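Take a look at the structure below.
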Amino acid sequence: MSSSIKVNLEKDSYDIIFDENFVESAMALIAISSKCMFITQEIIYEAFEEKFSVLKSLPNVEFHLIQQGEKAKSIDTVIEICDKMAMMHFDRSSTVFAVGGGVVGDTAGFVASIFMRGIDYFQYPTTLLAMVDSSIGGKTGVNLSSGKNLIGRIHQPKAVIVDVSFLDTLPQREINASLAEAIKYGFIYDRELFNYIVENISDILSGKNHTVLKKIILRSCEIKSEVVSMDVNEDNIRMILNFGHTIGHALEGYFEYKKLLHGEAILYGMKCALYLSHTIGNLSEKDYHASLKALSAFTLPAIDLKDKGSIIEFVKRDKKFRESQIRFVLISEIGKAELSTEITLNHIEESLGVL
Ligand SMILES: NC(=O)c1ccc[n+]([C@@H]2O[C@H](COP(=O)([O-])OP(=O)(O)OC[C@H]3O[C@@H](n4cnc5c(N)ncnc54)[C@H](O)[C@@H]3O)[C@@H](O)[C@H]2O)c1
């Protein structure tokens, strides 16, 4: 397998580069940029302080630390960073570096997409979720109090640089949750990846086996880049990447982004989507049971869904449910997704019964 993957988007094409030397690769990019804004979080900065301090000492480098969690993904954070860059005379040739998980990547990418009508940015994902998913595809944005990711833009990075050694400090719970997006690719696109994850699950969850992790990250990046290259604006096939997300996002909102990590919510959402794939769609009994068995290896916080009506209210706020014809992502077999127009809110409410 190569250690670089191309995301083919004509003039917006870029590479996902596997490079386990963050400082060296960042210094090379800083050398060809004018002003550079590194956006990260305190916990990441502290864990890799030695590396960051080399970069911080460079004359054209500034750092901005954002808060932890979904509350950081806000328009206030974006305005604060844009204001800081304007005060420091950043201009259209300046560059943003997003060093973090999905929260940093989505926020920093959005800053880059609107500052001076759009400047360059690089993604350095530091969580497994960001490495397999959120850093690729150019979806950037922030949350509103009325819903997640409701303001945003598609703005592709200049490159995504994956340094697997960032995962050494990632808490076990984050690894477990992040794997949701990787197994999702197995469900919707690649039975072999699904089998590989199932066979190596304890090694992966330990977070220590770089060889196994790298293999999963590479294949996930290949799948995401293939799907995004076919449909950058999510008019059609890219929608399959939302498997488990409609219900997952609703659960995140219902628990006020406090109880469940994003990946945990998606794991629950995929359980419901698998139920609907089996009962309404074409998923066989055999594949349904193999899918549930695979998901049972993940550790999930217990949840109490007393008020299913409220969860449905959150489902209705989902961007996809605002469209006239709802296309819900099901799988017809492990490795093959299908878009269904048959799923109603009643079906979704019924599927919550499996949680
Ligand atoms: N843009 C997209 O296409 C896309 C796709 C999927 C998810 N997302 C978004 O991604 C976000 C979730 O991302 P996430 O799961 O990476 O969560 P996150 O960014 O909140 O990171 C999880 C936690 O790990 C910490 N952390 C990050 N890297 C670390 C490291 N190397 N060592 C120790 N701690 C580290 C973070 O500070 C944070 O506390 C959600 O907001 C979701 O909406 C976006």
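Per this note's numbering, the sequence shown starts with residue 10, numbered consecutively. All residues carry an ideal CB built from backbone N, CA and C; glycine is no exception. Please read all numbers here as calculations on a predicted model, not as lab measurements.
DSSP, read as helix, strand or coil, puts N242 in coil. Within the same chain, L188, A191, I192, G195, I213, I225, A303 come within 8 Å of I206 by CB-CB distance, once the 5 residues on both sides are set aside.
Where V32 is concerned, there is no enclosing beta strand (DSSP E), although the alpha helix (DSSP H) around it starts and stops at 31-40.
G114 sits buried, since 16 or more C-beta atoms from the chains shown fall within 10 Å of its C-beta. Within 10 angstroms of the beta-carbon of N152 lie 16 or more other beta-carbons, which makes it buried. Non-local C-beta neighbours of Y284 in its own chain, meaning closer than 7 Å and more than five positions away in sequence, comprise S360, V363, ordered along the chain. If you look at Y54, you'll find it in the alpha helix (DSSP H) that goes 51-56.
Between K157 and F99, the C-beta gap is not smaller than 8 Å, which leaves the two residues out of contact. For Q77, the CB falls within less than 7 Å of some heavy atom of ligand 1.
Sorting I232, Y263, H287, E265 by C-alpha distance to the C-alpha of I249 places I232 at the top. In this structure, the alpha-carbon of I335 lies about 8 Å from that of T353.
Taking a 10 Å sphere around the C-beta of Q181, we find fewer than 16 other C-beta atoms and assign the residue as exposed. Between I256 and V324, the CB-CB gap stays under 8 Å.
Distance check between R162 and each of L137, V120, V171 places V120 closest, using alpha-carbon atoms only.
For Q77, no beta strand (DSSP E) run applies, since DSSP gives it neither H nor E. Using a cutoff of 7 Å, the CB of D115 counts as near ligand 1, since one of the ligand's heavy atoms is closer than that.
If you look at A95, you'll find it in the alpha helix (DSSP H) that goes 84-96. For K295, the closest C-alpha among the options A311, K268, E342 is that of E342.
Secondary structure at Q181: helix, using DSSP grouped into helix, strand and coil.
Taken from the Cβ of V105, every heavy atom of ligand 1 lies 7 Å or farther away. Between the beta-carbon of T116 and that of V70 there is about 19 Å, and that puts the pair past the 8 Å contact cut. Contact annotation: V108 and Y133 have beta-carbon atoms nearer than 8 Å.
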